[in-house]
Structure formats: C-alpha cells, structure tokens
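Just below is one structure, and these are the notes that go with it.
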Amino acid sequence: MPSKTAAEDFFKGLWLENPIFRQMLGMCPTLAVTNTVINGLAMGLATSFVLVFSSFLISLIKKFIPNQVRIASYIVVIASFVTIADRFLAAYFWDISKALGPFVPLIVVNCIILGRAEAFASKNTVGRSVIDALGMSAGFILALLVLSSIREILGSGRFLGYRILGTWFEPWIIMVLPAGAFITLGVMMAISIQVERKRKGR
Amino acid sequence: MDLVSLLIGAILINNFVLHYFLGICPFLGVSKKIDAAMSMGLAVTFVMTITAVVSWLVNHWILIAYRLDYLQIVAFILVIASLVQLVEMFIRKTSPPLYQAMGIYLPLITTNCAIMGLALLAALKNYDFVEAVVFGVGSGLGFTLAIVLMAAIREQLELADVPQPLRGAGIALVVAGIMALAFLGFSGVIK
C-alpha cells in the first residue's frame, strides 16, 4: 500500500481508486437508482453510512476474527448496518425508501463494502480504515451525483425536481430508462479513461 | 397473474440484468467467451431456483411466523451463503464434470446481487410458493439469455476497431444499453 498520509488515504477514493470508474465495484445500484438526483444522493449516503461504520467495526475487531470465517463475519457485520439503514429510511424517509425499493437491502451485497473490508479494513488501523472508507464513500457519491444529474437533466429537464430547462426542451425519455443508464455510464467510463491517459501521457 | 406470463415476464420483460440492473458484475466480468457465459448462466439459474425455494420457506415459516421480518436481510444473506457452499460441496461429490464446468463460478455467486435481489423481490411482491419458484427459474433463464447474448456480441467486438478509451467496460456498457433498448420492445407482449 503506497499511500501513507491521511490525505492520500482519503483522496485516492475520489479519483485514483474511484470505486465506480476505476475499480468497477458497486455497479448495480449505480445504474439502478440514478434516474433522479435525490435517489442517487440517498443511495450514496446510505451506502456511505454502511461502509464507514462496517469499516470501523471490522477494523476494530479484526484481531478476534479467525481467518477461516472472516468473510462470513464481515457479511454479518455489514448486514447489521444495512438493516439499520433500511429501517431508518423506512421510518423517516418513506418516499425515498419506496423509490429505492430492494436496493437498500441490496447494499449488503455491494462489492465496494466487502471489497474495502477485505482489502483495507482487515489489514489497517481503525483510523486509516475510517478515512479510507470516507474517501471511497466520497468517490461513490461523486460518481452517483454526476450520473444522476446527467440523467435527470436530460431525461426530464429537471434538477432535484425543479424544472431548469425551458418548455422548448424535449426530454430524452431514454435517459430515465435502463438503456440510458448503461449508455451514460459507458460514455462516462470512456471519458474518465481518456482523462487518465492524458494525465499519464504528459 | 398466471404462471406463464410470470415466466415470460421474468425472462424477457423484467429481465434481471437489463431491467432490474441486478448481477451486473458477472454480466460484465464473465461475458467475454460464450461457453464461460453459458456455464455462469446455468450456475446462476440453478442457485436462483434453489434460493427461491429456500428463501420462501425461511421467510414464511420462520421470519413471518415468528414476527422476525426485520431480520430479513441478515437471514437471506446467510441462507444464500450457506446454500452456495452446500451446492458446491454437493456437486463436487456427485458430478465432477459438472463441478469442472461450473467450478470457479459457484463461489462467485454468493456476492452476486441477482441472487439476493431474487429473494428480496419475491418477498416484496408477496409471491406464493409456486409463483416464487417460477419467478426464480424465469429470472435465472433471463440472466442466462442476457449474458450469453452479451458474450456473443463481445466475441464479435474483438474484431472491431473500438476507440481506445471505450475498450473494455465502456463499450460493454454501451452494448448493454442498446440491448436494454431492444428488450424494451418485448414490453407489449404481456397485458
């Protein structure tokens, strides 16, 4: 692990090891809930909550978990925090909880969380694991926000529910359909690779 | 809804990959060769069918019966993880050739969100036992259809001159988008 300082631990999640564009983890929720900005944001926050707290707990108890059953233990820890997030959303934000449907419980199988638990939290100190989780969360939220903004603006001419493009604008229905999600993410992926190539080349 | 339209709906219209966005990781990861895609699809279909049965039983006979439904997420993930383990051991013992064919794909299925999604969706939609099983089989077949089609397209893409930055995941996602559009055409088949 080359990164040493806390800042490096945090910022690598934003770009160098961005979970969506670089590592291609957590693609399912990324595609499914980004039809509007508010859904994307809610999903990002819920996932971040689970990621940060399970990284914290797993890093804290890593010495007590026998190696053979570590994956199962991680999953139980993650599932507990997902249950908390799911119940919380259902209690206080019923509309959002309904719009996200099965994707809140599905955070449990989001590979970002298990991936960070296995690759980082199980090997590093509590402090670094939390910072790493915060960085990954920020990268995940960033990707969700960009994708959902593009889809909501082009798909309905709105942003956060407010109409920002005039009545002249004919909404691209395709952008709110599944097809739009795939194509937008594919193009964004290509752009991020192109940017990285330019950066490395110079 | 009668069972036939439930089955066709699960395969073509509410396709797990192209409509629910479940199982994207294996869909992108294991779709470079047709035979590998086929094995993955069959392994998923197999596990999905069993998951549909077991998760329905757990949900109705344990969770709902004892008012433990807040434990649904923990219960389902444990059921799936142990189920995949069991299936793997069973196949290794009884059918080595099948084990060779499914081999590395079986353990990967535990973290496949399509399986968890199936258990959750079946619970959410309040399917009865037979409906849940049909939904499981149909969803598995739908996944297989999507991943095999994808692999066939990607084998042809190997020969195409794709712009450098789009290679790999980028073009695969764009192709998936076009496939999703094509599958949209099926939405009039039922109702």
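Residue numbers (the numbering used here), protein chains in the order written: chain A, 1 to 202; chain U, 1001 to 1191.
From the three backbone atoms N, C-alpha and C, an ideal C-beta is built for every residue, glycine too.
Given the structure is predicted, the values throughout are model-derived calculations rather than measurements.
**Report entry** Counted within 10 angstroms of its Cβ, other Cβ atoms place residue 170 of chain A as buried (16 or more) or exposed
**Finding:** For the purposes of this step, residue 170 of chain A is taken as the residue at position 170 of the first sequence. By the 10 Å Cβ count, residue 170 of chain A comes out exposed.
Query raised in the report: To which residues of the same chain is residue 1195 of chain U closer than 7 Å at the C-beta, ignoring the five residues directly before and after it?
Result: Summary: the structure shown does not reach residue 1195 of chain U, with chain U confined to residues 1001 through 1191, and so no result is reported for it.
Query raised in the report: With 16 other CB atoms within 10 Å as the buried threshold, where does residue 1159 of chain U fall?
Result: The count along the second sequence starts at 1 and reaches residue 1159 of chain U at position 159. Exposed is the call here.
Report task. Give a yes or no on whether the C-beta atoms belonging to residue 33 of chain A and residue 43 of chain A are separated by under 8 Å. Result -> In the first sequence, counting from the first residue as 1, residue 33 of chain A sits at position 33. In the first sequence, counting from the first residue as 1, residue 43 of chain A sits at position 43. In contact: residue 33 of chain A and residue 43 of chain A (Cβ atoms closer than 8 Å).
Query raised in the report: With a cut-off of 8 Å, does the C-beta of residue 1021 of chain U fall near any C-beta of chain A?
Result: As a working note, residue 1021 of chain U is residue 21 in the second sequence. True, the Cβ-Cβ gap to chain A drops below 8 Å.
Query raised in the report: When the cut-off is 8 Å and only beta carbons count, does residue 150 of chain A lie next to chain U?
Result: Numbered from 1 along the first sequence, position 150 holds the residue referred to as residue 150 of chain A. So, not an interface residue.
Report task. Would you please verify whether the beta carbon of residue 44 of chain A is less than 8 Å from any beta carbon of chain U? Result -> On the first sequence, position 44 is the one that residue 44 of chain A refers to. No, residue 44 of chain A lies away from the interface with chain U (no Cβ there is under 8 Å from its Cβ).
Requested in this report: Please name the residue or residues paired with residue 158 of chain A in a DSSP beta bridge.
Outcome: Stepping through the first sequence from its first residue, residue 158 of chain A is reached at position 158. For residue 158 of chain A, which the question treats as bridged, DSSP gives the partners A/163.
Query raised in the report: Is the stretch 1078-1091 of chain U close to the stretch 1106-1115 of chain U, with three or more CB pairs under 8 Å?
Result: Touching, yes, given that three or more Cβ pairs across the two stretches are closer than 8 Å.
Query raised in the report: By Cβ distance, which residues of its chain are closer than 6 Å to residue 107 of chain A, with the 5 residues on each side in sequence left out?
Result: The residue given as residue 107 of chain A occupies position 107 in the first sequence. The residues are 47, 50 and 82.
Report task. Pull up the CB-CB distance for residue 182 of chain A and residue 1173 of chain U, whole angstroms please, since I reckon it's below 8 Å. Result -> Taking the first sequence and counting its residues from 1, one reaches residue 182 of chain A at position 182. Taking the second sequence and counting its residues from 1, one reaches residue 1173 of chain U at position 173. So it is a contact: roughly 5 Å between Cβ atoms.
Query raised in the report: Closest by CA to residue 1003 of chain U, which one among U/1062, U/1024 and U/1131?
Result: Translated into the one-based positions of the second sequence, residue 1003 of chain U becomes position 3. The shortest Cα separation from residue 1003 of chain U among U/1062, U/1024 and U/1131 belongs to U/1131.
Query raised in the report: So, is residue 1018 of chain U buried or exposed, given that buried needs 16 or more other C-beta atoms within 10 angstroms?
Result: On the second sequence, residue 1018 of chain U is found 18 positions in, with the first residue counted as 1. By the neighbour-count rule (16 or more Cβ atoms within 10 Å), residue 1018 of chain U is buried.
Report task. Kindly say whether residue 1040 of chain U, judged by its beta-carbon, lies nearer than 8 Å to any beta-carbon of chain D. Result -> Annotation note: the requested chain D is absent from the structure, which comprises protein chains A and U.
Query - Boundaries of the alpha helix (DSSP H) in which residue 1049 of chain U is found, first to last residue - result: In the second sequence, counting from the first residue as 1, residue 1049 of chain U sits at position 49. Counting along the chain, the alpha helix (DSSP H) containing residue 1049 of chain U begins and ends at 1034-1057.
Query raised in the report: So, using beta-carbon positions, are residue 1189 of chain U and residue 1008 of chain U closer together than 8 Å?
Result: Taking the second sequence and counting its residues from 1, one reaches residue 1189 of chain U at position 189. Taking the second sequence and counting its residues from 1, one reaches residue 1008 of chain U at position 8. A contact, by the Cβ cut-off of 8 Å.
**Report entry** Residue burial classification, residue 18 of chain A (beta-carbon count within 10 angstroms, cutoff 16)
**Finding:** Here residue 18 of chain A corresponds to residue number 18 of the first sequence, with the count starting at 1. Counting Cβ neighbours within 10 Å, residue 18 of chain A comes out buried, since at least 16 surround it.
Query raised in the report: Can you give the Cα-Cα distance for residue 191 of chain A and residue 99 of chain A, rounded to whole angstroms?
Result: Against the first sequence, residue 191 of chain A aligns to sequence position 191. Against the first sequence, residue 99 of chain A aligns to sequence position 99. One C-alpha to the other measures close to 29 Å.
Query raised in the report: With distances taken from CA atoms, which of A/109, A/173 and A/11 is nearest residue 1080 of chain U?
Result: Within the second sequence, the letter at position 80 stands for residue 1080 of chain U. The shortest C-alpha separation from residue 1080 of chain U is found at A/109.
**Report entry** Own chain residues within Cβ distance below 8 Å of residue 136 of chain A, not counting five before or after
**Finding:** Locating residue 136 of chain A in the first sequence gives position 136, counting from the first residue. Excluding residues within five positions, the ones whose Cβ falls inside 8 Å are 13, 17, 19, 51, 112 and 116.
Report task. Could you name the residues of the stretch 173-191 of chain A whose beta carbon sits closer than 9 Å to any beta carbon of chain U, in the order they occur along the chain? Result -> 174, 177, 178, 179, 180, 181, 182, 183, 184, 185, 186, 187, 188, 189, 190 and 191
Query - Three-state secondary structure assigned by DSSP to residue 171 of chain A - result: Here residue 171 of chain A corresponds to residue number 171 of the first sequence, with the count starting at 1. Correct three-state label for residue 171 of chain A: coil.
**Report entry** CA-to-CA distance, residue 1029 of chain U to residue 1147 of chain U, given in whole angstroms
**Finding:** Taking the first residue of the second sequence as position 1, residue 1147 of chain U is located at position 147. Taking the first residue of the second sequence as position 1, residue 1029 of chain U is located at position 29. Their Cα atoms are separated by approximately 10 Å.
Query raised in the report: Of all Cβ atoms in chain A, is any one closer than 8 Å to the Cβ of residue 1169 of chain U?
Result: To locate residue 1169 of chain U, count along the second sequence from 1; it is residue 169. Cβ-Cβ to chain A under 8 Å: yes for residue 1169 of chain U.
Query raised in the report: Checking contacts by CB at 8 Å: is residue 1064 of chain U closer than that to chain A?
Result: Within the second sequence, the letter at position 64 stands for residue 1064 of chain U. Residue 1064 of chain U does not count as touching chain A.
**Report entry** Three-state secondary structure (DSSP) of residue 35 of chain A
**Finding:** The residue labelled residue 35 of chain A in the question sits at position 35 within the first sequence. Of the three classes helix, strand and coil, the one that applies to residue 35 of chain A here is coil, per DSSP.
Report task. Check distances from the C-beta atoms of the stretch 1150-1174 of chain U to those of chain A and list, in chain order, the residues that come in under 9 Å. Result -> 1163, 1164, 1165, 1166, 1167, 1168, 1169, 1170, 1171, 1172, 1173 and 1174
Query - Interface residues of the stretch 68-93 of chain A facing chain U [CB-CB below 9 Å] - result: Residues 71, 72, 75, 76, 78, 79, 80, 82, 83, 86 and 87.
Query - Below-8 Å beta-carbon distance, residue 23 of chain A vs any chain U residue - result: Counted from its first residue, the first sequence places residue 23 of chain A at position 23. With 8 Å as the cut-off, residue 23 of chain A does not count as an interface residue toward chain U.
Requested in this report: Would you mind telling me which residues of chain U sit closer than 9 Å to residue 199 of chain A, beta carbon to beta carbon, in chain order?
Outcome: Position 199 of the first sequence, counting from 1, holds the residue named residue 199 of chain A. Near residue 199 of chain A there are no residues of chain U at all, since even the closest Cβ is about 13 Å away, more than 9 Å.
Query raised in the report: Are there three or more Cβ pairs, one per stretch, closer than 8 Å when the stretch 61-71 of chain A is compared with the stretch 140-156 of chain A?
Result: As far as the Cβ criterion goes, the stretch 61-71 of chain A does not touch the stretch 140-156 of chain A, which means the pair count is below three.
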